[in-house]
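For reference, the structure discussed in these notes is given below.
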Amino acid sequence: MTKRLVAIGIAGGLLLIGILIQSIGFLTSNTFSETSQGMFSNKVEGPREEIIESGSSSKRIARLSVEGTIMSGQGSNIFSGEGYNHEDLLEQLEVIKEDPTIKGVLLYVNSPGGGVFESAEIHDKLKEIKEENKQLYVSMGGMAASGGYYISTPADQIFASKETFTGSLGVIMESVNYEELAEEYGVKFNTIKSGEFKDIMSPNKEMTEEDREILQTLVDESYQGFVDVISEGRDMTEDKVKDIADGRIYSGQQAVENGLVDTIGFEEDALNALKKEIGNNPEIIEYSPSGERLFGIPIDVTSFLPNSEIKWVNKMIEKRQGPRMMYMYSE
713 MTKRLVAIGI AGGLLLIGIL IQSIGFLTSN TFSETSQGMF SNKVEGPREE
763 IIESGSSSKR IARLSVEGTI MSGQGSNIFS GEGYNHEDLL EQLEVIKEDP
813 TIKGVLLYVN SPGGGVFESA EIHDKLKEIK EENKQLYVSM GGMAASGGYY
863 ISTPADQIFA SKETFTGSLG VIMESVNYEE LAEEYGVKFN TIKSGEFKDI
913 MSPNKEMTEE DREILQTLVD ESYQGFVDVI SEGRDMTEDK VKDIADGRIY
963 SGQQAVENGL VDTIGFEEDA LNALKKEIGN NPEIIEYSPS GERLFGIPID
1013 VTSFLPNSEI KWVNKMIEKR QGPRMMYMYS E
């Protein structure tokens, strides 16, 4: 019991430190950015190109990667390590859109999905890139489910292995209710609100039928948006999409059979197909993200602190914003 209390105390302290560093970073970001080339640089400005395969510099392919949960702000706290960074990805997509030498994009997706808003942002950016007459191929990793599939829908070709988990097409919204637990320990909450539904989905009160109906309309609206992007991207009727978009997960082979995926293959197969489509031996590039830095060194506390505690603290930091709608597959 003592060890557990000590662990909780340490984790709580780390949480407070993380919040403090985030606040300081926000307040001092302008000051640091002015000296971004110096020793005290806080951020590397803009994505940096790295050539991973030589070829024609007038016809190039940019390889991008979405790995992990699609959420904004994950690159903004010191506990995130080298995981998915939404802001970096959007910046890279904008650079690609404006670069006339980039003729194709290979997007590697290995994600269970994430936020409805963030998924829509990526989807819309990819559509803008396609409007610039650039080819978009998607290669799915072990999982490209829910929001991971949503962002794949604009692709000209989608590749997945037979073992890929995809699908989970739909929207989920969850919260925890600890009203009875609070009552058991004598914890009482004082709530002052301006309207009947201001504390909707509060964890300290039972959800009413009126609450549920309001939230269901929001989920249904986002679900329809998901159906629409699949229908448009995969050239399916709405009825066909709704038949398969019931939240279930599909293997890569099943996804080929129901029209969600074009071809069984790995990332190398997708890249070779895109190179053939582009022609003229295109150069292949990747981008190094613009990360948060301290004294010019990338900040990654996870490299020297225990993973179990850090993952817990990181989740607490990320979830401070409360419940939200998600295009997310949960095991």
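Position 84 of the sequence shown, counted from 1, bears residue number 796 in my numbering, the numbering being contiguous throughout.
Every residue gets a Cβ at the ideal spot worked out from N, C-alpha and C, and that includes glycine.
None of the values given here were measured: they were computed from a predicted structure.
Note on geometry: alpha-carbon atoms of I997 and R772 lie some 7 Å from one another. DSSP lists no beta-bridge partner residue for N970. The C-beta separation of L801 from Y849 comes to about 17 Å, leaving the pair out of contact by the 8 Å criterion. If you look at K988, you'll find it in the alpha helix (DSSP H) that goes E979 to I990. A982 places its beta carbon less than 8 Å from that of F871. Here G825 is near M1038, since their CB atoms are less than 8 Å apart. The DSSP-derived three-state label of I904 is coil. DSSP, read as helix, strand or coil, puts S963 in strand. Here the alpha carbons of D868 and Y935 stand approximately 23 Å from one another. A check of alpha carbon separations from I961 across F909, E762 and T876 identifies T876 as the nearest. Per DSSP, reduced to three states, the secondary structure at G826 is strand. When the beta-carbon positions are compared, M783 and N822 stay at least 8 Å from each other. Excluding residues up to 5 positions away in sequence, D800, E803, Q804, V807, Y999, S1000, P1001 and S1002 lie with their Cβ nearer than 8 Å to the Cβ of P759 in the same chain.
Per the DSSP secondary-structure output, Q804 pairs with nothing in a beta bridge. By alpha-carbon distance to V883, the top candidate from L930, V953 and E892 is L930.
Distance between E995 and F978, taken at the CA atoms: about 20 Å. When the five nearest sequence neighbours on each side are left out, the beta carbons in the same chain lying within less than 8 Å of the beta carbon of S768 are those of N992, N993, P994 and E995, in order along the chain.
By the CB criterion at 8 Å, I942 and L881 fall inside the cutoff.
In the assembly as shown, P866 is a buried residue. Its beta-carbon has 16 or more other beta-carbons within 10 Å. In the DSSP assignment, G854 falls within the beta strand (DSSP E) that extends over Q847 to A857. When the beta-carbon positions are compared, T878 and A985 stay at least 8 Å from each other. A direct Cα-Cα distance of roughly 23 Å separates I912 from S1042.
In the structure shown, R1036 adopts coil according to DSSP, grouped into three states.
Separation of V899 and N889 (C-alpha to C-alpha, rounded to the nearest whole angstrom) is 14 Å. Spatial neighbours of G971 in its own chain (CB-CB distance under 7 Å, excluding positions within 5 residues in sequence) are listed in chain order as R946 and M948. Residue pairing of P994 in beta bridges, as defined by DSSP: S768. According to the DSSP assignment, I870 belongs to the beta strand (DSSP E) that extends over Q869 to A872. Residues of the same chain with a CB within less than 6 Å of the CB of T975, apart from the 5 flanking positions on each side, are F871 in chain order. For G879, the enclosing beta strand (DSSP E) begins and ends at F877 to G879.
Here Y820 is near S851, since their CB atoms are less than 8 Å apart.
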